[in-house]
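Student: Sharing a structure, written as structure tokens. Questions coming.
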Amino acid sequence: DQPLVYVNPAFERITGYAAADVVGRGHQLLLGDDANGHAEVAAAMAEALDVRRQVHNRRKDGTTFWSELRMTPVRDSLGRLTHFVAILSDISDRKHAEDALAYRATHDALTGLPNRELLQERLAGAIRTGEGRVIGVAFLDLDDFKLINDSLGHAVGDEVLATIARRLAEVVSARDIVARFGGDEFVLMLDCADRQQLSIRVDDVLAALARPVEVHGASLQVTPSVGYCRFPDDGDDALVLLRRADQAMYQAKRQGRNCVVAYRDEFDLGASQRLDLILQLREALHLGQFVLVFQPQFDRDNRPVGMEALLRWRHPVRGLLAPAQFIAACEDSGLIVPIGRWVLREAARHHHLLAERGWDKLRIAVNVSAAQFQQGLAEDVAAVVRDNALPRDVLELELTESVVMANPDSAIRSMAEIAQLGVQIAIDDFGTGYSSLAYLKRLPLHRLKLDRSFVRDLGRDPDDEAICAAIIRLAQSLELSTTAEGVETETQWRWLRDRGCDEMQGFLLAKPAPFDEILARLGTPQRLP
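In terms of the working numbering, the numbers along the sequence shown are unbroken and rise by one, the last being 547.
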């Protein structure tokens with residue numbers, strides 16, 4: 019058995035064995051319960067070769083430790099093998115550090131859940147061995163989670179994510195996996211006997227998150243949108259299943275959120291079409307296929323006071339497209355930000371053309387998206403005003419209530435910077451969002467725009483009339499102007515004029531048209547007093 023004939027004091031310190039305990043015992047003592055190690059070392063010794071192996075060993079008192087064993091043959095002057103020398107090193111600290119690094123590489127630091135890479139590895143393994151079972155992949159995204167981070171801070175957001183992670187881990191079985199995919203997205207791999215059990219278990223996941231999350235004394239109702247797919251019905255590849263679960267989750271968002279949607283084949287077709295549309299939009303921006311049309315705005319005496327710049331896509335095959343046919347894809351892809359910057363620059367360029375024709379006091383209004391507002395809008399506006407030497411009060415930005423109220427304090431700071439540049443700010447579609455009057459008085463605003471949904475039934479619906487009258491009076495009390503959108507009848511126009519609405523915009527007065535047509539209609543300006 020090649021018994022031990024000598025051990026030094028370092029061996030005694032590492033293992034807890036005294037020399038008297040081990041001298042004469044087989045060398046296998048150095049390998050603990052490592053069966054593979056026994057075979058490898060025995061083969062090396064039989065061939066008189068060097069051998070090196072890491073071993074999870076056991077001390078005399080029963081505690082375990084990691085050691086590295088290196089053995090090398092020793093020969094006499096005639097080349098005959100006489101014995102082996104072994105060096106035993108305690109590498110426990112190094113192994114623990116390596117294990118910690120490996121854990122961090124495969125687990126999320128905040129929640130302790132497996133991360134994207136480990137999930138994909140485990141899912142691929144489950145597919146290889148999951149014959150006869152149904153494996154569900156559920157993609158879960160928290161609804162409006164950004165509002166929590168923006169309004170309550172990232173520390174609260176992190177606590178919410180940790181709580182959600184614990185609840186998800188509690189609702190799954192030992193055969194399942196819950197992973198944090200990134201941000202506020204989680205993915206579950208559910209090992210089930212059949213499709214019916216999978217459907218029930220996904221509903222259980224939704225129910226587990228129905229209770230409010232208590233954080234710092236606040237009770238937050240956090241709802242998820244969940245989409246899921248199945249192996250083998252919906253695919254036999256980990257990445258395909260993840261993509262299809264994501265597509266189903268996107269449909270859950272579109273259906274109103276806080277619900278569960280199972281993948282269907284038409285989702286894949288829809289995703290392919292969206293991707294193709296986004297590629298076309300990128301090309302459209304590069305090739306200059308976007309154009310602006312303009313809709314004039316008039317005061318109560320039917321004098322032009324401004325115009326709204328409206329985006330159109332001159333598609334090479336489908337013709338001139340309105341935003342409803344492509345703007346959602348722009349927002350989903352992030353293209354809305356560079357397109358919004360282009361609109362700002364084009365609006366400034368067109369104002370120079372107005373000024374050349376004597377309409378230097380005419381405003382041009384531009385709609386601003388939420389993404390554009392959050393990504394350095396003040397800096398973009400400052401550059402446009404500076405580069406084009408725009409006079410004060412000729413550029414107006416239209417923001418929706420939801421854009422402003424997503425993070426009011428931050429919005430107020432950005433809006434104040436923009437207002438200092440001499441740029442006017444209007445709240446578009448006022449009354450259709452979730453504005454707070456407490457914040458409204460703090461916002462550096464110039465104008466409220468009455469949404470066309472309220473204007474449509476003026477003269478017929480007392481409720482719409484009461485809403486429009488209240489908004490006009492509110493604006494007057496705050497010393498703000500009002501602009502009514504969607505004015506299409508003489509009845510609407512007269513009603514608004516009689517109640518003190520400052521400006522009107524709609525098909526009755528002028529339809530959106532190319533800039534040259536607008537210039538021709540404007541003619542030579544009559545100077546306003």
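The C-beta atom is built at its ideal place from N, Cα and C for all residues, glycine as well. This structure is a prediction, so every number in the text was calculated from the model and none was measured.
Could you compute how far the alpha carbon of Leu546 sits from the alpha carbon of Arg404?
Tutor: Indexing the sequence shown from 1 puts residue 546 at position 528. Indexing the sequence shown from 1 puts residue 404 at position 386. With a pLDDT of 41 at Leu546, under the threshold of 50, the modelled position of this residue cannot be trusted; read the value that follows with caution. Looking at the two C-alpha atoms, the distance is approximately 27 Å.
Student: Let me know the alpha helix (DSSP H) ranges lying completely inside the region 471-518, each 4 residues or longer, listed in chain order.
Tutor: 480-495 and 508-516
Student: Please give me, in chain order, every unbroken run of the alpha helix (DSSP H) with length at least 4 that falls completely inside the region 181-259.
Tutor: 213-226
Student: Where does Leu257 land, buried or exposed, given buried means 16+ other C-beta within 10 angstroms?
Tutor: Position 239 of the sequence shown, counted from the start, is the residue given in the question as residue 257. Classification for Leu257: exposed.
Student: Between the alpha carbons of Arg282 and Glu203, how many angstroms are there, rounded?
Tutor: Position 264 of the sequence shown holds residue 282. Position 185 of the sequence shown holds residue 203. If I take the Cα positions, the gap works out to 21 Å.
Student: Take the Cβ of Tyr246 as the centre, count every other Cβ of all protein chains shown within 10 Å, and call the residue buried at 16 or more, exposed below.
Tutor: On the sequence shown, residue 246 is found 228 positions in, with the first residue counted as 1. With 16 or more other Cβ atoms within 10 Å, it is buried.
Student: Ignore the nearest five residues each way along the sequence and tell me which others in Pro230's own chain have a CB closer than 7 Å to its CB.
Tutor: Residue numbering aside, residue 230 sits at position 212 when the sequence shown is read from its first letter. Answer for Pro230: Ser237, Leu238 and Gln239, listed in chain order.
Student: If you measure between the beta carbons of Leu259 and Val205, is that distance less than 7 Å?
Tutor: Here residue 259 refers to the residue found at position 241 of the sequence shown. Here residue 205 refers to the residue found at position 187 of the sequence shown. Cβ atoms of Leu259 and Val205: not closer than 7 Å.
Student: The beta strand (DSSP E) that contains Val323, what's its start and end?
Tutor: Here residue 323 refers to the residue found at position 305 of the sequence shown. Start and end: Pro322 to His333.
Student: Whole angstroms are fine: how far does the CA of Ala280 sit from the CA of Gly150?
Tutor: In the sequence shown, counting from the first residue as 1, residue 150 sits at position 132. In the sequence shown, counting from the first residue as 1, residue 280 sits at position 262. Straight-line Cα distance between these residues: approximately 20 Å.
Student: Below 8 Å on the Cβ atoms is my guess for Ala347 versus Leu299; work out the distance and round it to an integer in Å.
Tutor: Position 329 of the sequence shown, counted from the start, is the residue given in the question as residue 347. Position 281 of the sequence shown, counted from the start, is the residue given in the question as residue 299. Right, the Cβ-Cβ distance comes to about 6 Å (below 8 Å), so this counts as a contact.
Student: Report yes or no: do three or more beta-carbon pairs, one from the region 521-534 and one from the region 309-326, lie closer than 8 Å?
Tutor: yes
Student: Is the region 105-117 touching the region 168-184 in the sense that three or more CB pairs, one from each, lie closer than 8 Å?
Tutor: no
Student: Which of the three DSSP states is assigned to Leu546 in this structure?
Tutor: Mapped onto the sequence shown, residue 546 falls at position 528. In this predicted model, Leu546 has a pLDDT of only 41, less than 50, meaning its place in the structure is not dependable enough to derive any value.
Student: Gly477 to Cys486, Cα distance in whole Å?
Tutor: Taking the first residue of the sequence shown as 1, we reach residue 477 at position 459. Taking the first residue of the sequence shown as 1, we reach residue 486 at position 468. Their backbone Cα atoms lie some 11 Å apart in a straight line.
Student: Would you list, in sequence order, the uninterrupted alpha helix (DSSP H) runs of no fewer than 4 residues that lie entirely inside the region 345-408?
Tutor: 345-351, 354-374, 388-392 and 395-406
Student: Which residues mark the beginning and the end of the alpha helix (DSSP H) in which His56 is found?
Tutor: Walking along the sequence shown from the start, residue 56 turns up at place 38. From DSSP, the alpha helix (DSSP H) with His56 extends over Ala53 to Ala64.
Student: Hey, how far is the Cα of Ile536 from the Cα of Asp161?
Tutor: Here residue 536 refers to the residue found at position 518 when the sequence shown is read from its first residue. Here residue 161 refers to the residue found at position 143 when the sequence shown is read from its first residue. Each residue's Cα considered, the two are about 43 Å apart.
Student: Please go through the same chain and pick out, in chain order, the residues whose beta-carbon is closer than 6 Å to the beta-carbon of Phe163, but skip the five residues on each side of it.
Tutor: Walking along the sequence shown from the start, residue 163 turns up at place 145. Once the five neighbours on either side are set aside, the close Cβ partners of Phe163 are Asp202.
Student: Quick check: what's the CA-CA separation for Lys78 versus Gly34?
Tutor: Here residue 78 corresponds to residue number 60 of the sequence shown, with the count starting at 1. Here residue 34 corresponds to residue number 16 of the sequence shown, with the count starting at 1. C-alpha of Lys78 to C-alpha of Gly34: approximately 5 Å in a straight line.
Student: Which term fits Gln310, buried or exposed, when burial requires 16 or more other beta carbons within 10 angstroms of its beta carbon?
Tutor: Taking the first residue of the sequence shown as position 1, residue 310 is located at position 292. For clarity, residue 310 is Leu in the given sequence; the question names Gln instead. Buried, since its Cβ has 16 or more Cβ neighbours within 10 Å.
Student: Could you spell out where the alpha helix (DSSP H) holding Val412 opens and where it closes?
Tutor: Against the sequence shown, residue 412 aligns to sequence position 394. Neither: Val412 is in no alpha helix (DSSP H) and is coded neither H nor E.
Student: Relative to the alpha-carbon of Thr90, which residue among Asp117, Val73 and Ala60 has its alpha-carbon at the smallest distance?
Tutor: In the sequence shown, the residue the question calls residue 90 occupies position 72. Among Asp117, Val73 and Ala60, the Cα nearest to that of Thr90 is on Ala60.
Student: Near Ala434, what residues of its chain come up, given a Cβ to Cβ distance below 8 Å and the 5 sequence neighbours on each side ignored?
Tutor: Start at 1 with the first residue of the sequence shown, and residue 434 comes out as number 416. Taken in chain order, the residues that qualify are Pro462.
Student: Is the beta carbon of Arg465 closer than 7 Å to that of Leu498?
Tutor: If you number the sequence shown from 1, residue 498 lands on position 480. If you number the sequence shown from 1, residue 465 lands on position 447. A contact, by the Cβ cut-off of 7 Å.
Student: Do three or more CB pairs link the region 121-137 to the region 87-103 at distances below 8 Å?
Tutor: no
Student: Would you tell me roughly how many angstroms separate the C-alpha atoms of Asp212 and Val402, rounded to the nearest one?
Tutor: Counting from 1 along the sequence shown, the entry for residue 212 is found at position 194. Counting from 1 along the sequence shown, the entry for residue 402 is found at position 384. In a straight line, the C-alpha of Asp212 is about 60 Å away from that of Val402.
Student: First and last residue of the alpha helix (DSSP H) that includes Ile436?
Tutor: The residue you call residue 436 lines up with position 418 of the sequence shown. Pro426 to Gln438 is the span of the alpha helix (DSSP H), which, as asked, contains Ile436.
Student: Going along the chain, which residues of its own chain have a beta-carbon closer than 7 Å to the beta-carbon of Val40, five neighbours each way excluded?
Tutor: In the sequence shown, residue 40 corresponds to position 22, counting from 1. Result list for Val40: Leu22, Val25 and Leu47, in chain order.
Student: I need the straight-line Cα distance from Val189 to Val220, nearest angstrom please.
Tutor: Your numbering for residue 189 matches position 171 in the sequence shown. Your numbering for residue 220 matches position 202 in the sequence shown. For Val189 and Val220, the gap between their C-alpha atoms comes out near 10 Å.
Student: In this structure, does DSSP put Val23 in helix, strand or coil?
Tutor: For the purposes of this step, residue 23 is identified with residue 5 of the sequence shown, where counting begins at 1. Looking at Val23 - three-state DSSP - the assignment turns out to be coil, as it is neither helix nor strand.
Student: In terms of residue numbering, what span does the beta strand (DSSP E) encompassing Leu128 cover?
Tutor: To locate residue 128, count along the sequence shown from 1; it is residue 110. Element bounds for Leu128: n/a, residue is neither H nor E.
Student: For the putative contact between Thr507 and Leu526, defined by C-beta atoms under 8 Å, what is the C-beta separation to the nearest angstrom?
Tutor: In the sequence shown, the residue the question calls residue 507 occupies position 489. In the sequence shown, the residue the question calls residue 526 occupies position 508. That pair is a contact at about 6 Å.
Student: Quick check on Arg43: buried or exposed, where buried means 16 or more other Cβ atoms within 10 Å of its Cβ?
Tutor: Looking up residue 43 in the sequence shown gives position 25. Classification for Arg43: exposed.
Student: Is Ile195 closer than 7 Å to Met207 when the C-beta atoms are compared?
Tutor: Mapped onto the sequence shown, residue 207 falls at position 189. Mapped onto the sequence shown, residue 195 falls at position 177. Against a cut-off of 7 Å, the Cβ pair of Ile195 and Met207 comes out as a contact.
Student: Given 8 Å as the limit, is there contact between the region 408-426 and the region 376-388, that is, 3 or more CB pairs closer than that?
Tutor: yes
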